[in-house]
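J.: I have a structure I would like to understand better, so I am pasting it below and will then ask my questions one at a time.
6 protein chains.
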Amino acid sequence: MKRALYIGRFQPYHNGHQSVLFDIARETNEIVIGIGSAQLSHEPDNPFTAGERVLMITHALRELPCPFYVIPIEDIKRNSLWVAHIRSMAPPFSDVFSGNPLVVRLFEEAGIPVFSPAMYERETHSGTEIRSRMIAGKPWKDLVPPDVYQVIRELDGERRVQALALDDGAGCGR
Amino acid sequence: MKRALYIGRFQPYHNGHQSVLFDIARETNEIVIGIGSAQLSHEPDNPFTAGERVLMITHALRELPCPFYVIPIEDIKRNSLWVAHIRSMAPPFSDVFSGNPLVVRLFEEAGIPVFSPAMYERETHSGTEIRSRMIAGKPWKDLVPPDVYQVIRELDGERRVQALALDDGAGCGR
Amino acid sequence: MKRALYIGRFQPYHNGHQSVLFDIARETNEIVIGIGSAQLSHEPDNPFTAGERVLMITHALRELPCPFYVIPIEDIKRNSLWVAHIRSMAPPFSDVFSGNPLVVRLFEEAGIPVFSPAMYERETHSGTEIRSRMIAGKPWKDLVPPDVYQVIRELDGERRVQALALDDGAGCGR
Amino acid sequence: MKRALYIGRFQPYHNGHQSVLFDIARETNEIVIGIGSAQLSHEPDNPFTAGERVLMITHALRELPCPFYVIPIEDIKRNSLWVAHIRSMAPPFSDVFSGNPLVVRLFEEAGIPVFSPAMYERETHSGTEIRSRMIAGKPWKDLVPPDVYQVIRELDGERRVQALALDDGAGCGR
Amino acid sequence: MKRALYIGRFQPYHNGHQSVLFDIARETNEIVIGIGSAQLSHEPDNPFTAGERVLMITHALRELPCPFYVIPIEDIKRNSLWVAHIRSMAPPFSDVFSGNPLVVRLFEEAGIPVFSPAMYERETHSGTEIRSRMIAGKPWKDLVPPDVYQVIRELDGERRVQALALDDGAGCGR
Amino acid sequence: MKRALYIGRFQPYHNGHQSVLFDIARETNEIVIGIGSAQLSHEPDNPFTAGERVLMITHALRELPCPFYVIPIEDIKRNSLWVAHIRSMAPPFSDVFSGNPLVVRLFEEAGIPVFSPAMYERETHSGTEIRSRMIAGKPWKDLVPPDVYQVIRELDGERRVQALALDDGAGCGR
């Protein structure tokens with residue numbers, strides 16, 4: 048049985064991720080979706096909690112034609128331990144799908160095969176673009192699955208992203 | 048919609064957990080299952096990794112009559128932050144099921160209702176009992192769901208538990 | 048000017064601490080009171096948060112005849128760094144008062160003079176004794192300053208200590 | 048009784064902070080002053096230790112017309128836990144005063160009212176401006192309370208800030 | 048080329064370690080000596096700093112007939128990451144020598160061969176025995192290499208071990 | 048006896064370091080070489096693990112005319128604890144050699160004498176320059192000792208540095 052790993056921060060989960068996961072589902076039996084930087088939230092680049100991202104992904108993938116696991120993964124901040132960390136948090140997997148050069152390198156040094164999925168309209172379908180549109184009050188609804196739009200609305204997520212954008216990083220000791 | 052939280056270490060997941068979760072499923076719409084001490088493994092009391100526990104639980108709950116989320120949760124070691132930590136890692140939940148006095152206390156101080164589920168044959172259906180039987184070479188198969196037995200066999204888990212039991216905690220600097 | 052350091056966990060602050068601090072106040076110009084294990088709370092041996100302990104101490108010492116500072120100090124868990132950690136968190140101090148052999152040793156190795164204060168009726172005036180009495184429902188009011196009794200009452204602290212005493216340390220992954 | 052929270056890094060404490068705190072003192076019974084990033088020191092943007100900052104603030108506020116608490120608070124680096132962290136380290140508070148958008152957002156999501164204090168001549172009365180003047184050898188004495196000036200002089204703080212400004216961040220593995 | 052790994056806490060380094068290392072030196076080209084729990088010191092069971100232990104080992108092994116590396120290794124507290132942690136801190140090694148069941152298990156699961164060295168008079172040649180003798184004022188000089196005895200004398204180590212033995216673990220917040 | 052401390056990140060170790068260490072060897076009896084940021088690797092600015100750096104340094108210094116210790120040191124991220132951290136990990140030292148302003152300042156505040164070694168052709172002999180050349184495919188062999196060149200070749204280090212340079216820091220949750 049083939050079980051594939053796919054990792055992202057999903058801030059937020061969007062149609063680009065959705066497209067890649069449906070592609071992977073055709074080549075594998077099961078998918079493990081790792082939510083990276085799970086401990087971060089309420090930052091301009093990481094507005095949503097791990098739990099909120101679990102909700103987005105699980106709802107959006109109801110129609111995925113293979114079983115999947117959604118696993119929040121906290122950062123370990125030591126690249127030499129990263130592969131072992133992922134392996135301890137995820138069910139055993141045989142393949143990795145990633146276009147990130149460091150992820151590719153780390154899994155290759157560990158002897159695990161890595162495949163680079165074709166990206167789907169990468170310019171507009173990126174978390175950065177979606178967060179920018181939220182801040183600017185521009186439309187972003189069409190860039191995410193309808194279930195994700197619904198989750199973000201219920202969280203009042205757009206207003207959170209806008210509030211975080213005001214932060215100048217100064218004046219308080221967080 | 049009601050979404051309940053249920054937390055355990057699941058070392059391993061057994062029929063007691065299974066029974067409680069099917070009970071909870073009758074009273075709620077969705078269940079969040081938090082895997083505590085996710086960062087621990089290969090210890091006499093915590094032999095299995097978070098990923099292995101995710102696998103056990105997900106396979107065992109294929110017939111659960113409501114949607115569920117399985118979330119590994121690393122320890123935070125500060126009780127005053129624990130509820131906030133759980134809330135950030137899990138999808139939003141409205142109720143907690145737990146028989147643990149500290150868990151009850153912490154959620155109650157946070158104003159979240161806690162219910163104590165009826166335990167199922169607690170003496171034999173406990174992780175401690177199952178690990179003891181594994182070490183002693185006594186039968187334990189009937190204490191866990193068949194899918195969990197299968198997962199542990201494939202992991203060669205019984206032999207791992209036996210090897211860890213030899214550890215005297217001395218001589219090496221882990 | 049002489050500024051003395053006095054460190055304790057203050058779980059809770061009691062008449063023994065009060066007596067020692069009034070003694071120290073006669074020999075020094077200012078006192079720094081370090082609250083150790085500041086990050087711990089809601090544990091059988093560490094029921095109160097740092098903030099709650101700050102409140103107890105500050106209220107109890109209103110009549111202290113010298114200025115004082117109350118400083119929560121999180122554990123560093125590396126004895127070789129502990130003195131440097133205390134020095135970074137506290138205003139500069141010239142003397143240390145402690146009866147704890149490790150504290151004495153660490154400050155002595157760092158070349159800082161340490162004095163052992165006379166303890167005040169140590170058997171009954173200890174945090175352990177007071178927490179035991181709370182659990183058993185026995186009287187403890189006379190072992191703490193009236194202001195501390197008031198703070199603990201407002202926190203519903205006795206009931207918290209009793210609830211934490213039920214914890215068997217099992218079943219949840221904290 | 049109203050107890051207000053005010054948080055800053057205070058690198059160093061200056062007349063802007065002093066002005067705000069005297070304003071808050073008119074609207075509340077007690078003030079909790081949280082020293083953020085307490086664990087940082089000897090950095091270009093964070094030259095002073097928590098203990099040194101406790102000293103500055105306590106000396107400067109001798110005339111404050113209400114009781115106050117000065118609490119060093121180490122960073123937690125997880126925004127979702129930050130409010131719980133502050134609450135565990137500080138005596139219970141009912142209101143927060145902050146002009147920082149993230150602080151405002153986090154306390155609002157936790158249901159705690161936040162007020163934005165009027166800033167006092169923000170351009171010149173900022174830690175950044177004062178540290179720049181120290182580095183350039185320009186006058187900064189009038190931007191801080193006389194007691195703070197005295198503390199920094201005794202610490203030889205100006206020379207420390209100048210020395211830290213030379214650091215290019217390279218060549219050593221801190 | 049064969050490079051072997053040998054790990055211990057070395058509190059203190061004694062003739063048992065010395066004997067094993069001279070044995071290993073006959074079977075390998077180079078030896079990596081990992082000092083476990085490097086961050087611990089000034090504890091009853093861990094009295095010496097990593098630096099002090101580096102000194103003992105390096106002086107005692109001047110006559111070792113093969114090159115060796117002495118590497119302090121801080122604890123990682125996650126068994127699933129432990130092998131990766133060791134591999135990142137140590138020069139590449141091909142074999143492991145250890146009698147510790149957990150170490151054996153972890154390296155075996157990682158596919159690295161482990162050999163159990165014959166122990167040398169284990170009852171008397173153990174750190175526990177030597178520390179007990181130091182506390183009791185009994186002779187221990189013959190249990191350690193002469194160079195180690197010299198290092199411990201210069202550190203005034205016997206008196207440190209005695210002082211730490213007085214610690215009752217209570218009364219201060221370390 | 049004089050024992051000097053010299054600290055660097057050594058990413059990679061090069062002729063500049065080699066030159067400085069041979070200079071220091073003429074003025075001291077023994078040298079402690081601390082490898083800073085030991086926990087980092089596989090980053091564009093920190094490509095090599097601590098163990099790989101230990102190997103480079105030890106091989107390159109075979110001809111050094113005095114005994115030396117090579118000590119990996121993990122970051123502590125609290126400048127106020129940094130000197131105590133170094134002292135706990137390294138054998139006792141009497142002098143420090145460093146040109147880094149922060150290192151100079153921290154040891155001076157701790158009362159330890161610091162000497163600034165003459166740098167050897169600093170523009171070309173820097174880790175930054177060597178990593179840039181590796182990425183650009185330009186020659187760098189002459190900037191490092193022959194033994195270091197050999198180690199990096201065996202590690203396939205040039206290709207690792209090139210792969211890490213592709214990382215855009217986005218898209219994965221490390």
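Which chain is which? The protein sequence lines are A, G, H, D, C and Z, in order.
In my numbering, each residue carries its 1-based index in the first sequence increased by 47.
In my numbering, each residue carries its 1-based index in the second sequence increased by 47.
In my numbering, each residue carries its 1-based index in the third sequence increased by 47.
In my numbering, each residue carries its 1-based index in the fourth sequence increased by 47.
In my numbering, each residue carries its 1-based index in the fifth sequence increased by 47.
In my numbering, each residue carries its 1-based index in the sixth sequence increased by 47.
Where is the CB? At the ideal position from N, CA and C, for every residue including glycine.
How about residue 181 of chain C: is its C-beta nearer than 9 Å to some C-beta of chain Z?
T.: no
J.: Taking the beta carbon of residue 175 of chain C as the centre, do at least 16 other beta carbons fall within 10 Å, making it buried, or is it exposed?
T.: exposed
J.: Helix, strand or coil for residue 90 of chain D, going by three-state DSSP, please let me know.
T.: strand
J.: Give the residues of chain D in contact with residue 116 of chain H, contact being defined as C-beta atoms less than 9 Å apart.
T.: 98, 101, 102, 105, 117
J.: Just to make sure I have the definition right: I need the residues of chain A whose C-beta is within less than 8 Å of the C-beta of residue 211 of chain Z. Which are they?
T.: Against chain A, a Cβ distance below 8 Å from residue 211 of chain Z picks out 148, 149, 152.
J.: Can residue 83 of chain C and residue 122 of chain C be called in contact, C-beta distance under 9 Å?
T.: yes
J.: Hey, quick one: how far does the alpha helix (DSSP H) through residue 51 of chain G stretch, first residue to last?
T.: Segment 50-55 is the beta strand (DSSP E) holding residue 51 of chain G; no alpha helix (DSSP H) there.
J.: For chain A, find out if any of its Cβ atoms is closer than 9 Å to the Cβ of residue 84 of chain C; answer yes or no.
T.: no
J.: Cβ of residue 133 of chain H within 9 Å of Cβ of residue 104 of chain H?
T.: No. Outside cutoff.
J.: Using beta carbons (cut-off 9 Å, strictly below), is residue 48 of chain H in contact with chain G?
T.: no
J.: Looking only at DSSP bridge pairs, what is residue 81 of chain G linked to?
T.: G:54, G:118
J.: Give me the residue from A:192, A:212, A:159 with the minimum Cα distance to residue 172 of chain A.
T.: A:192
J.: With 8 Å as the C-beta to C-beta threshold (strictly closer), list the residues of the region 183-211 of chain G near chain C in chain order.
T.: 207, 210, 211
J.: Which residues, in chain order, does the region 122-142 of chain Z contribute to contact with chain H at a C-beta distance below 8 Å?
T.: 123, 125, 127, 128, 130, 131, 132, 134, 135
J.: Of all Cβ atoms in chain C, is any one closer than 9 Å to the Cβ of residue 145 of chain Z?
T.: no
J.: Examine chain Z for any beta-carbon lying closer than 9 Å to the beta-carbon of residue 173 of chain C, and answer yes or no.
T.: no
J.: Which residues in the same chain have their Cβ closer than 6 Å to the Cβ of residue 196 of chain A, if we skip the five residues on either side of it in sequence?
T.: 188
J.: For residue 60 of chain C, I'd like the list of residues in its chain whose CB is within less than 8 Å of its CB, leaving aside the five on either flank, ordered along the chain.
T.: 100, 103, 104, 107, 191, 192, 195
J.: Return the residue from the list C:48, C:49, C:120, C:177 that minimises the CA-CA distance to residue 87 of chain C.
T.: C:120
J.: Should residue 58 of chain D and residue 178 of chain D be called a contact, given that it needs their Cβ atoms to be closer than 9 Å?
T.: yes
J.: Per DSSP, residue 142 of chain C forms a beta bridge with which residues?
T.: C:51
J.: Measure from the alpha carbon of residue 184 of chain H to the alpha carbon of each residue in H:208, H:163, H:63, H:111, then state which is nearest.
T.: H:208
J.: Using C-beta distances below 7 Å, list every residue in its chain close to residue 201 of chain H, excluding the 5 sequence neighbours before and after it, in chain order.
T.: none
J.: Do you know offhand how far residue 53 of chain D's Cα is from residue 135 of chain Z's?
T.: 37 Å
J.: Are the C-beta atoms of residue 92 of chain G and some chain C residue less than 9 Å apart?
T.: no
J.: Please state whether the Cβ-Cβ distance between residue 131 of chain D and residue 98 of chain H is less than 9 Å.
T.: Not closer than 9 Å, so no.
J.: Return helix, strand or coil for residue 191 of chain A, following the three-state DSSP convention.
T.: Here residue 191 of chain A sits in coil by DSSP.
J.: CB-CB under 7 Å to residue 211 of chain C, same chain, minus the five flanking residues each way: which ones, in chain order?
T.: 89, 90, 91, 94
J.: Using the beta-carbon of each residue, which ones in chain G are nearer than 9 Å to residue 88 of chain A?
T.: 135
J.: For residue 69 of chain A and residue 214 of chain D, what's the separation of their Cα atoms in angstroms?
T.: Between residue 69 of chain A and residue 214 of chain D, the C-alpha separation is close to 50 Å.
J.: Between which two residues does the alpha helix (DSSP H) harbouring residue 157 of chain D extend?
T.: Looking at the DSSP string, residue 157 of chain D is not in any alpha helix (DSSP H), and its letter there is neither H nor E.
J.: Using beta-carbon positions only, say whether residue 51 of chain Z and residue 140 of chain Z come within less than 9 Å of one another.
T.: Residue 51 of chain Z is a Cβ neighbour of residue 140 of chain Z, given a cutoff of 9 Å.
J.: So residue 113 of chain G packs on residue 78 of chain G, CB below 8 Å; how close in whole Å?
T.: 6 Å
J.: With DSSP collapsed to three states, give me the class of residue 162 of chain D.
T.: DSSP places residue 162 of chain D within a strand segment (E or B) once states are collapsed to three.
J.: Any Cβ of chain H within less than 9 Å of the Cβ of residue 70 of chain C?
T.: no
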